[in-house]
Structure formats: structure tokens, C-alpha cells
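Shown next, in C-alpha cells, is the structure this report addresses.
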Amino acid sequence: MTTLASYAANPAQSRGRKFKESDPQGRNQFQRDRDRIIHSSAFRRLEYKTQVFVNHEGDLFRTRLTHSIEVAQIGRAIARNLNLHEDLVEGIALAHDLGHTPFGHAGQDALNECMRDFGGFEHNLQSLRVVDLLEQRYAEFDGLNLTFELREGILKHCSLNNAKLLGDVGERFINKEQPSLEAQLTNLADEIAYNNHDVDDGLRSGLITLEQLEQVTLFADNLNKVRTQYPNLIGRRLIHETVRRMINALVVDLCEQSNRNIAKAAPKTIDDVRANAMLISFSPAMREQQTELKRFLR
728 MTTLASYAAN PAQSRGRKFK ESDPQGRNQF QRDRDRIIHS SAFRRLEYKT QVFVNHEGDL
788 FRTRLTHSIE VAQIGRAIAR NLNLHEDLVE GIALAHDLGH TPFGHAGQDA LNECMRDFGG
848 FEHNLQSLRV VDLLEQRYAE FDGLNLTFEL REGILKHCSL NNAKLLGDVG ERFINKEQPS
908 LEAQLTNLAD EIAYNNHDVD DGLRSGLITL EQLEQVTLFA DNLNKVRTQY PNLIGRRLIH
968 ETVRRMINAL VVDLCEQSNR NIAKAAPKTI DDVRANAMLI SFSPAMREQQ TELKRFLR
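With the first letter of the sequence shown counted as 1, position 120 gets the number 847 in this note's numbering; the numbers rise by one all the way through.
Here you go:
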């Protein structure tokens, strides 16, 4: 691992767990979190939860499991570039969708409608409920007893009313503070992953066409670069080359803009990060292109 920045989350200075435990041997606190997530029942069930398509439509389409692994890979690459804690990023990435419904977006919409009279359904809150309560594996506590930092990273969004019920992990929404940089970057790594694999899965399924995507700036720019370099390339190779370049362009832009943001804000500690504006971001130009792609896919 690269040298941690002074404002990165540090497992040796974690705000701790709900239930006190002895320190792990041969690994740090965030590595323990990640390992518990990987061995959980909820993590295994991600194999049968899908992003868009239902599971029986084929194993060529992404599931929540493969998506979470892709988010972890992208997130670790960004964390390494920014000198942030890779293990925390990986843990957040692997846990962030544990509370999602089966049946893709349709499943979430249906459950949200069923729960409308009770405040609706929010998968971030459900993910937190899974790791705090529903996993029952350990003799001394319910849930996985994860660190504050990982639980905070799972909870991307939260209403003020819900925040008041969540204790320490909800306080930042009440106090209008930011989460760790690791949590911020995992949120955007998630966005990079799902937008690009929605392009790939959409083309593979025939729901969208290459001609339609050529009207979207981010895709069109990278497609043109591929065609210039490989004029005879067609089919899946053409699509894969384009998508991988899109991911690379987004990651490079995010790292460069975030480094500029951090240099300008000059945080010294993680408390400085929390008191600041969001520091992990795309450049304005790339954010516009990413928003255009997201709008097309939705």
C-alpha cells in the first residue's frame, strides 16, 4: 500500500465498533471488515440480484456481485492514486449493495411502492440494517459489528428523520458534514462502474444500439478514438475497447480533479475533510458528459 495521506481514514485511529472487540491479528481493522463482508450470507446472495436484467436471462449480464467487485477494483485504483486507504474503499464497495432488492430496478420500485405508507424503501438504509442487525453469525452480537468508517461509507444518502434514529453514523447528515474521502470516492467509483456496464449490457441485450450511443458525447469521443486506431475493429471488441477507454477517462479525470480539490482545500486531518465541501469529484466538463450518459441510460 502507498503511504497514507494525513487526511485519509486510518484503521489505527478508527472511531471503533458498536461492540468492543480485541484487535485483529495479522490484519488491520478495515481488512477485518472486508473479510467479514466477503464471508457474509448477504454477500453471497448478491450473485442472484441483478442490476437491470433478471438472473435467468443469462450469465453474460452483470449481477450485484460482479458489479460490487468492479466497484472495488475501480475504487482501489483511485484510492492508490490519491494515497487513501484501499482496504476501506474495498470494504465499502463490497458492502454498498447488500441491501438491494432482487429483480433489478423493477424490484426496488415495487418494494418502494409497497412501503410507501411507511416511508418507502431505501437500499442504503437496508444495507446498513444488514450489516448492523440481519447478519447473525457471531456469538456476542448481531450483525457484522463493522467499524464506524465502513458503516458511514455504506450510508450514502439519508433523510434527516432517519438520521436522527441512526446514532453516530447519522450525525453527519444532521451536522451537514462530509464522509471520509474513501466514502466519497467509492460513491463515484460506483457511478463509473454502473454507467459503463449498463452500456455494455444494454448493447449486448439489444436494448440500445451503437447508433443511439453515438449521440452521447462520452461514448462517441472514445468510439472515434478506437476507430481511428483500429479502423477494421467490429463487434464485441469494438464495444469493449470503447468502454474500457471510457472507464479510464473517467478515472483519470476524477483523480486529477480530486487532487486539485485537495491541494486547494489543504486538509491536514480527516476532521478537516469532514468540515469541507466534497473533495472527490469529476471536472465540470467530465461531470457534464457523465450526466449526459446517465440521462441516456435512465
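Note that the Cβ used here is the ideal one computed from N, Cα and C, for glycine as well.
| For Thr-1032, three-class secondary structure by DSSP | A question about residue 1032 goes unanswered here, because the residues of the chain that appear run from 728 up to 1025.
| task | Compare the beta carbon distance of Leu-809 and Asn-986 with 8 Å and say whether it is the shorter of the two. | result | Yes. Within cutoff.
| request: Spatial neighbours of Met-1013 within its chain, please: CB distance less than 6 Å, with the 5 preceding and 5 following residues excluded, ordered by chain position. | output: The answer, listed in chain order, is Asp-980.
| For Asn-782, does the three-state DSSP call read helix, strand or coil? | Unreliable placement is indicated for Asn-782, whose pLDDT of 44 sits below 50; the coordinate value is still reported in the next sentence. Taken through DSSP and simplified to helix, strand or coil, Asn-782 comes out as helix.
| Buried or exposed (CB count within 10 angstroms, at least 16 for buried), Arg-759 | The residue in question, Arg-759, is buried, as its Cβ has 16 or more Cβ neighbours within 10 Å.
| task | Check whether the Cβ atoms of Ala-920 and Glu-879 sit closer than 8 Å, and answer yes or no. | result | Cβ distance not < 8 Å, so Ala-920 and Glu-879 don't count as in contact.
| Where does Thr-874 fall in DSSP's three states? | Strand, per DSSP.
| field | Cβ-Cβ distance between Gly-802 and Ala-820 below 8 Å | value | Yes, Cβ-Cβ distance for Gly-802 and Ala-820 is below 8 Å.
| message | DSSP has Arg-742 in a bridge; who is on the other side? | response | Listed as beta-bridge partners of Arg-742 by DSSP are no residues whatsoever.
| Is the number of C-beta pairs between the region 740-753 and the region 852-869 that are closer than 8 Å three or more? | Because the criterion of three Cβ pairs below 8 Å is met, the region 740-753 and the region 852-869 touch.
| query | What is the residue span of the alpha helix (DSSP H) that Ser-985 lies within? | reply | First-last of the alpha helix (DSSP H) with Ser-985: 962-992.
| task | Find out if the Cβ-Cβ distance for the pair Leu-1006, Leu-908 is shorter than 8 Å. | result | Inclusion of Leu-1006 and Leu-908 in the CB contact set at 8 Å is warranted, their separation being smaller than that value.
| message | Tell me which residue opens and which closes the alpha helix (DSSP H) that Val-857 is part of. | response | According to the DSSP assignment, Val-857 belongs to no alpha helix (DSSP H), since it is labelled neither H nor E.
| said: Considering only their Cβ atoms, is the gap separating Leu-960 from Leu-1020 smaller than 8 Å? | reply: No, the Cβ-Cβ distance between Leu-1020 and Leu-960 is not below 8 Å.
| Burial state of Lys-776 (16 or more Cβ within 10 Å) | With 16 or more other Cβ atoms within 10 Å, it is buried.
| Would a C-beta distance cut-off of 8 Å place Glu-941 and Val-953 closer than the cut-off? | No.
| query | Going by Cα to Cα distance, which pick from Ala-804, Pro-829, Gln-752 is closest to Arg-772? | reply | The shortest Cα separation from Arg-772 among Ala-804, Pro-829, Gln-752 belongs to Pro-829.
| field | Rounded C-alpha distance that separates Ala-833 from Ser-1010 | value | Ala-833 and Ser-1010: Cα-Cα distance of roughly 32 Å.
| query | What is the rounded straight-line gap between the Cα of Asp-750 and the Cα of Ala-735? | reply | Linking Asp-750 to Ala-735 through their CA atoms gives a straight-line distance of about 20 Å.
| task | Locate the alpha helix (DSSP H) running through Arg-754, then write down its first and last residues. | result | Per DSSP, Arg-754 lies in no alpha helix (DSSP H) and is assigned neither H nor E.
| request: Classify Ile-796 as helix, strand or coil using the three-state DSSP reduction. | output: Residue state, collapsed to three classes: helix.
| said: Count Cβ pairs between the region 881-894 and the region 753-768 that sit closer than 8 Å; are there 3 or more? | reply: The region 881-894 vs the region 753-768: no contact.
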